[in-house]
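Trainee:
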Amino acid sequence: MKLSICIPIYNFDVRELVFDLKKEIDNQKIDAEIILIDDASDVAFKSINEELKNHVEKQIFLEKNIGRSRIRNLFLQYSSGEYLLFLDCDVKIAGKTFLWNYISEINKHPDLELIYGSFTIDPRYASTLRNRYSVEREIFSGRRSYDFSLFKTVNFIISKKTLEKFPFDETLTEYGYEDFVFAKLLEQNKTKFLAMTNPVVHVDDTNNAIFLGKAEIGMESLFRLSKNPQNSKLIKDIKVYKAAIMLKRLGCIPLFLSIYKAFEKKVRANLLSENPSIRYFDFYKLAVLVRKMK
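According to full-length UniProt numbering, the sequence shown is numbered sequentially starting from 1.
(1) Tell me the rounded alpha-carbon separation between serine 141 and threonine 197.
(2) What does a CB cutoff of less than 8 Å around isoleucine 121 pick up in its chain, not counting 5 residues either side in sequence?
(3) Identify whether serine 159 lies in helix, strand or coil by the three-state DSSP scheme.
(4) Whole-angstrom Cβ separation of lysine 160 and leucine 76, contact assumed at under 8 Å?
(5) On a Cα-Cα basis, can you pick out the residue from Leu185, Asp179 and Leu186 that is closest to glycine 218?
(6) Check the C-beta distance from tyrosine 175 over to lysine 214 and give it rounded, since I have them as a contact under 8 Å.
(7) Excluding sequence positions up to five away, which residues of its chain have a Cβ less than 6 Å from the Cβ of isoleucine 253?
(8) Sort Glu63, Glu105 and Tyr116 by Cα distance to aspartate 88 and report the nearest one.
(9) Specify, as a first and last residue, the run of the alpha helix (DSSP H) that leucine 21 falls within.
(10) As a quick exercise: from Ser258, Ser221 and Leu112, pick the residue whose alpha carbon is nearest that of glutamate 187.
(11) Does the distance from the C-beta atom of lysine 64 to that of alanine 40 stay below 7 Å?
(12) According to DSSP, simplified to helix, strand and coil, what is methionine 293?
(13) Suppose you measure from the CA of valine 18 to the CA of isoleucine 30; what does that come to, to the nearest Å?
(14) Count the CB pairs spanning the segment 94-101 and the segment 53-62 that are closer than 8 Å, and state whether there are at least three.
(15) Looking only at its chain, what residues have a beta carbon closer than 7 Å to the beta carbon of proline 8, apart from the 5 residues adjacent to it on each side?
(16) Quick check: what's the CA-CA separation for valine 267 versus phenylalanine 281?
(17) Hey, could you find the ends of the beta strand (DSSP E) serine 4 is sitting in?
(18) May I have the straight-line CA-CA distance separating glutamate 50 from arginine 249, to the nearest angstrom?
(19) My understanding is that isoleucine 93 touches aspartate 20, with C-beta atoms under 8 Å, so please give their C-beta distance in whole angstroms.
(20) Quick one: grab the DSSP three-state call for glutamate 33.
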């Protein structure tokens, strides 16, 4: 089995990540290739990562940013492995047998089409809103699961045939929910999936203000998805969307927004503080979404 390691890059130094992967490939004699596609990063990061040209099989620099979904589909054109391992560029390898853990699982269960390995957070940034949200809502810490809702694009392996058949939705060009829609599509088509504990360390130092901005973009993406009847079926289980739909059906959006307005300054102050509340973050996202739905 040949493995294609696919790393989409945007404004991040991936040298440590690549060298750690190369070390395991060499030590374990793994049949693997590393492919880097830079999604129109700043010149400084392009220059840094260009140093890797003799250490990877393929390195592509895009002149125009094409977004999170389209860049992942693009790896299909450059990969030669039966399986594709996707890693976000801002991760670190946590163990010496990271690749082998995936390979051994596939060897034992060759019918698996998608495996999610999860992630941990960098303790240096544990107090940020971004990482608190990851700990409380996103990180998979169980031993094994077949629940597609656990899936994130940060660290997963997929058969090339499966990705060719069910590519990422390239109409989703902005931040948010492309991973959820992708996972739900695979679930509906009865893809053989496993979530296992084989984490990377997600080095995300996004400050609270920037993350709130991303959350607003995410709610805009969710609102746009809801306008498409086909996609609305995929997102019906997202909690913030379910809550917004309930408020709309009950005719309670004006009341909810008046209550939120009374607390808005307090909510934002908390979310920008050193001790942000995830419940306030839920309140904030719901307000952003229902304002678009009223």
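Where is the CB? At the ideal position from N, CA and C, for every residue including glycine.
Mentor: Judging by the given coordinates:
(1) If I take the Cα positions, the gap works out to 7 Å.
(2) Asn131, Ser134, Val135, Ile139, Val201, His202 and Asp204
(3) strand
(4) So it is a contact: roughly 7 Å between Cβ atoms.
(5) Asp179
(6) Cβ atoms of tyrosine 175 and lysine 214 come within 8 Å of each other, at about 5 Å.
(7) Excluding positions up to five away in sequence, the list reads Leu247, Val290 and Lys294.
(8) Tyr116
(9) 15-28
(10) Leu112
(11) yes
(12) helix
(13) 15 Å
(14) no
(15) Only residues of its own chain outside the window of five on either side were considered, and among them Ile37, Asp39, Ile71, Arg72 and Cys89 have a CB closer than 7 Å to the CB of proline 8, listed in chain order.
(16) 8 Å
(17) 3-9
(18) 53 Å
(19) 4 Å
(20) strand
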